[in-house]
Amino acid sequence: MKSSINLPHDDASCGWYSALPEPQACTRLQGEQRADYAVIGAGFAGLAAARRLAEHHPQARILLVDAQRVGYGASGRNSGFVIDLPHKFALEHPEPAHKQRLLGLNRAAIAQLQGLIQRHGIECQWSHAGKYQGAVGPRGLAYLKHFEHLLKGLGESFEWVERSELARVLGTQHYSGAIYTPGCYLMQPAALVTGLARSLPGNVELLEESPIQRLERDGQGGWLLHGSNGRIRTPQLLLGTSIFTQEFGYLRNRLLPVMTFASWTRPLSDAELAAYGGQLDWGLTPADHAGTTVRMTQDRRIIIRNTYKHVPKYGRSSSEAMRTSIREDHRKAFLARFPQLAEVPFSHTWGGVYAISRNFTNFFGELEQGVYASACDNGVGAAWGTISGTLLADLAVQADSAQLRDIQAVTGMPSLNPPEPFLGLGVRSRIRLAAWNSRSEL
Ligand SMILES: Cc1cc2nc3c(=O)[nH]c(=O)nc-3n(C[C@H](O)[C@H](O)[C@H](O)COP(=O)(O)OP(=O)(O)OC[C@H]3O[C@@H](n4cnc5c(N)ncnc54)[C@H](O)[C@@H]3O)c2cc1C
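Numbering-wise (this note's numbering), the sequence shown opens with residue -19 and increments by one.
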C-alpha cells in the first residue's frame, strides 16, 4: 500500500549506527493485533513511554512500533549530548521557577538513563564529561558573557576556560575561550537507544520497520492503527513521533521540520592521536548556536556538526548531493580546528530531522481522548524525550506526581505557522541570516 503521508526515511550513512554490530532480524507488524497500549515511535520519547507503561501495568500488552529500525531515527543519529541545562531560549525565560523545573526534569532524565545503563550493562560510551560552550572570536565571547550571566542567575556552577587550557584538552588553538558546565553527559546515541530497546520489560513488544500509515477510530472509543501488513486495535495511543506527529493530523502547522548534519572521522591511529595532542571524550557546543558542535569520542573519532535546513519534505532522506556539499563545509570547520589532521578523512556524513516551534514551546499532553503525545523538543531531545516520554505514560495511566505537574507547567501549545510560501521563505531567510552572522564562529 502506498502511503499518502510523510514516513520517516533517514539516510543510510549515519556513523553511529554503522559502528554498531549488524542488527538481528526484527519483528514487523503483521495481521490483526490487540494491545492495551500502543506507542508509535521508538526514539527516546517512545522507548521511555513504553517502559513506564510496562512498569505501571506489568500484565498489559504494550506494542511499541517504529517505521525504521531502532537507532536509525534522530534519537540514534544525534551528537550524543545529554544536557541538563535548559536550552538557549528556555534559559532566557523570565521566570526562575520555569528554568528550575526544566533543570529538575532534565536531571531526572539523566539519572533515569544512568540507572538503566548501569542496570542493563548498556555499552554506549556513557560518560560524565560535562560540556564546553566554545567561542571562536569576539562574537562568540559576547554570547559567552551572556551565558555566564544566565548561569549566575540560575545559581549553576561553571568554569571559564582559556585558550591554552582548551588547547591542552581539545587539541586545537581555535577557541579563544569556553565556559565549562559539569552537568552534561556524553554517549553513543545509536548504542544507547538500541540498548534501551533490548532491555525493555517483557510485556513490551517491539515492532520495527512497521510504518503506521493511518489512524482511525474503531467505533468503540479506541483506535485502529493501520500498517501495510497489519493493524493494531488499542484503547490508548501514545505518540513519540516528533515532527511526524502532524502526519496523523495533530499539531498541524505548528511544528517546523529542521534537519541538521554531522560528519565524523574514522578512529585516529596512534600517530594521528599524538599529532592531535588533545584528550579523548569531550564535547563542545558553539557559544553562538548557529556555529559548530565538535566532539572527540572515546574511540578516537572527531565529529563535526553544523548546518540547518528547513525540510518541508521531511519524509525523504537528505540527498547524496546535499550531504556531499555539507561534507565540504564540515571539512573546512575540521581543518580550521585540526590542521595537523589534514590527512584524516571523514568516513560518514549524515543528516537527521527534528521539530522546533516558532515560540520554542514543547507540546506534552492529551491530543484527544485516548491519544497522548510529546512532540517538539527544539532539538535537545535526549534528556527531554526521556523524561517527557516517561511522564506521558504517567499521564495516560493517571498517575499524578510532582514531576508530572512540573512538565505540564513548562509545556504548552507550539504557535501556529504562517501559510506557505511565507513560512518557507521566512524560515529559510532566518537560517541564512543566522549562518551569515555566525560565519566567524563556524
Ligand atoms: C545531527 C543531530 C544532532 C543532534 N544532537 C543532539 C544532542 O547532542 N543532544 C540532544 O539532546 N538532541 C540532539 N538532537 C536532537 C535529538 O536527536 C532529538 O531531539 C530526539 O532524537 C527526539 O527524540 P524523539 O524520541 O522525540 O523523536 P525521534 O528520535 O525523532 O523518534 C521518532 C520516531 O518515530 C518514528 N516514526 C515517525 N513516524 C512514524 C510512523 N508513521 N510510523 C511508525 N514510526 C514512526 C521514527 O522512525 C522515529 O524513530 C540532534 C539531532 C540531530 C539530527
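Ideal Cβ placement from N, Cα and C applies to all residues, glycine included.
Which of helix, strand or coil DSSP assigns to residue i
i: H310; result: helix
i: Q153; result: coil
i: T73; result: At residue 73 the sequence reads His, which differs from the Thr that was named. In this structure, H73 counts as coil in the three-state DSSP scheme.
i: Y160; result: strand
i: Y230; result: coil
i: R192; result: Reading off the sequence, residue 192 comes out as Ile, not Arg. If DSSP states are grouped into helix, strand and coil, I192 belongs with coil.
i: W43; result: Note that residue 43 corresponds to Leu in the displayed sequence, not to Trp. L43 falls in the strand class under three-state DSSP.
i: S243; result: strand
i: T174; result: helix
i: T214; result: strand
i: G(-5); result: helix
i: A408; result: It should be pointed out that residue 408 corresponds to Arg in this sequence rather than to Ala. If DSSP states are grouped into helix, strand and coil, R408 belongs with the helices.
i: L20; result: Looking at the sequence shown, residue 20 is not Leu but Ile. DSSP places I20 in strand when its eight states are reduced to three.
i: P38; result: coil
i: L396; result: coil
i: Q168; result: coil
i: Q13; result: strand
i: E421; result: helix
i: S179; result: coil
i: L413; result: helix
i: R8; result: coil
i: H206; result: strand
i: M(-19); result: Note on M(-19): pLDDT 43, under 50, position unreliable in the model; the coordinate value appears next. It is coil, neither helix nor strand.
i: R49; result: coil
Environment of residue i [buried if 16+ CB atoms lie within 10 Å]
i: S243; result: buried
i: A88; result: buried
i: K(-18); result: With a pLDDT of only 49 at K(-18), under the threshold of 50, the placement of this residue in the model should not be trusted, and no figure is reported.
i: L413; result: exposed
i: N417; result: exposed
i: P237; result: buried
i: D380; result: exposed
i: S59; result: buried
i: H154; result: buried
i: Q13; result: buried
i: N286; result: buried
i: F402; result: exposed
i: R178; result: exposed
i: S222; result: buried
i: W(-4); result: buried
i: W140; result: exposed
Close beta carbons around residue i, own chain, < 7 Å, minus the five adjacent residues each side
i: H73; result: K79
i: P247; result: D279, R280 and R281
i: L231; result: T225, F343, A355 and P394
i: S144; result: none
i: K132; result: none
i: S420; result: V116, G117 and R119
i: S297; result: H(-11), D(-10) and D(-9)
i: G202; result: R213, T214, P215 and G350
i: Q383; result: L85, A88 and L371
Distance cut-off 6 Å: residue i Cβ against heavy atoms of ligand 1
i: N58; result: yes
i: I192; result: yes
i: V360; result: yes
i: P(-12); result: yes
i: T277; result: no
i: Q200; result: no
i: D357; result: yes
i: F318; result: no
i: A242; result: yes
i: F61; result: yes
i: I20; result: yes
i: Q48; result: yes
i: Y334; result: yes
i: S55; result: yes
i: A(-1); result: no
i: S337; result: no
i: S299; result: no
i: F344; result: no
i: F224; result: yes
Chain-order list of residues whose beta-carbon lies under 6 Å from that of residue i (same chain, five-residue window excluded)
i: Q10; result: N209 and G210
i: S55; result: G23, F24 and V173
i: I(-15); result: E227
i: A170; result: W(-4), Y(-3), L0, G51 and G56
i: R317; result: T152 and H154
Same chain, Cβ closer than 8 Å to residue i, neighbours up to 5 away in sequence not counted
i: D386; result: R81, G84 and L85
i: L121; result: A115, S156, G157 and A267
Going residue by residue through the segment 105 to 148, where are the continuous alpha helix (DSSP H) segments of at least 4 residues, counting only ones entirely within it? 118 to 134
Restricting to runs no shorter than 4 residues, where is the alpha helix (DSSP H) found entirely within the segment 248 to 326? 250 to 256 and 300 to 317
At 4 residues or longer, what runs of the alpha helix (DSSP H) sit wholly inside the segment 316 to 394? 361 to 376 and 382 to 390
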